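So the sequence shown is residues -20 to -1, 1 to 267, counted in mature numbering (1 follows the signal peptide of the UniProt record, and there is no 0).
Every residue gets a Cβ at the ideal spot worked out from N, C-alpha and C, and that includes glycine.
All of these numbers come straight from a predicted model, not from anything done at the bench.
First the structure, in the form of structure tokens, and then the observations on it.
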Amino acid sequence: MKNKKATLLAVLGLLGIMLAGCGKQQATDKITIVGSTALQPLVEKAANEFDQEHQGNITVQGGGSGTGLSQVQEGAVQIGNSDVFASQQNGIRANELVDHKVAVAGIAPIVNRGVNIKNVTMKQLREIFTGKITNWKQLGGKDQEIVVINRSKGSGTRVTFESDVMKGVEPMSAQEQESNGTVQQIVSNTPGAISYISFSYLRSQGIKPLMIDGVKPTSKNVETNKWKIWSYEHMYTKGKPTGKTKKFLQFMLSDKVQNSLVEEMKYISIHQMQVEKSPSGKITEIK
């Protein structure tokens, strides 16, 4: 009888160890990704496809580039998505993070569909966001007040816009919104409104993108820097990735994602770029 009890206890103990090991493995396999809303749609779609093949257990959330970088730095998440280099973000110890560039995002100024302007110069765009131009009639449009909607301070899209458009000039005080999706909706519902969003959100009938200096906001124009407002889409890890996190990042750079999903969702593949941009904004040709 004692032997049977001892055997039963041994089996139960072994089962407990196995269950504990399974729980530990599940925790290790869970990938949480937060940050850039510009990159979010692509990562969500890729995560769904990866999940079907590898049971990745991936959670993808927005929150902005600043949030993504700070969360991955603190070890709260496995991956932090960002539209900007970690070295560009205050309070981030870039030397602790590993950069994985997975795509390029074009950024376009958008207006409410009722605005009868199709093209602005870069100087005019800058003057709209500084408050120097306040009515669409100043640009040949109808007599209608311009409603400026900016992005919040933690937004990587805002950092890129200010770097590529404002060139060190301080924008006017205006309504601020955190995400590309929210900006898209507000501009669509606000007569006279203007803001800027990632190409991947240019799908609402209530908005339209503006040309700049006669150049259309297209992926082909981004590839050569003919369209000058764009950013890399970074996925940062704290140190070198391992396990499922490493496999998912490899999947993001695979032909399946780069040659299919990236184009389908209006991003630009890293492999298609004919120029590269440094953290300081310097553009050089890729040879």
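Query, Result
"May I ask you to report which of helix, strand or coil DSSP gives Pro171?", "coil"
"Are the Cβ atoms of Ser240 and Ala18 separated by less than 7 Å?", "no"
"Looking at C-alpha atoms only, which residue of Leu77, His251, Ile38, Gln69 is the closest neighbour of Gln53?", "Leu77"
"Closest to Lys266 by C-alpha separation, out of Pro259, Gln252, Ser260, would be which residue?", "One point to set straight first is that residue 266 is Ile, not Lys, in the sequence displayed. Minimum Cα distance to Ile266 is reached at Gln252."
"State the beta-bridge partners of Pro151 as determined by DSSP.", "None, per the DSSP bridge assignment."
"Looking only at C-alpha atoms, which of Lys188, Gly86, Leu49 sits nearest to Lys200?", "Gly86"
"Using a Cβ-Cβ cut-off of 8 Å (strictly less than) and excluding sequence neighbours within five positions of Phe65, which residues of its own chain qualify?", "Ala74, Asp79, Tyr212, His214, Pro259"
"Return the Cβ separation of Gly172 and Asn92 in integer angstroms, given the expectation that the two are a contact with Cβ distance under 8 Å.", "6 Å"
"Which residue or residues does DSSP assign as beta-bridge partners of Leu77?", "Lys218"
"Buried or exposed for Thr264, going by 16 or more other Cβ atoms inside 10 Å?", "exposed"
"By Cβ distance, which residues of its chain are closer than 8 Å to Val242, with the 5 residues on each side in sequence left out?", "Leu22, Ala83, Ile248, Ser249"
"On a Cα-Cα basis, can you pick out the residue from Thr47, Gln58, Val40, Ser16 that is closest to Lys226?", "Gln58"
"In or out: Gln51 buried (at least 16 other Cβ within 10 Å) or exposed?", "buried"
"Bridge partners for Met191 per DSSP, in chain order?", "Asn99"
"Count the other CB atoms, across all protein chains shown, that sit within 10 Å of the CB of Gly194; report buried if there are 16 or more and exposed otherwise.", "exposed"
"Asp235: buried (16+ other C-beta within 10 angstroms of its C-beta) or exposed?", "exposed"
"Would you kindly work out how many angstroms separate the C-alpha atoms of Lys133 and Glu150, rounded to a whole number?", "13 Å"
"Note down the Cα distance separating Trp210 from Arg131, rounded to an integer number of angstroms.", "15 Å"
"What residues are listed by DSSP as bridge partners for Tyr176?", "Pro89"
"To which residues does DSSP link Lys257 through a beta bridge?", "Ile263"
"Exposed or buried, which one is Asp63 when buried takes at least 16 other CB atoms within 10 Å?", "buried"
"How far does the beta strand (DSSP E) with Ser50 in it extend, from its first residue to its last?", "Unbroken run through Ser50 is the alpha helix (DSSP H), 45 to 53; no beta strand (DSSP E)."
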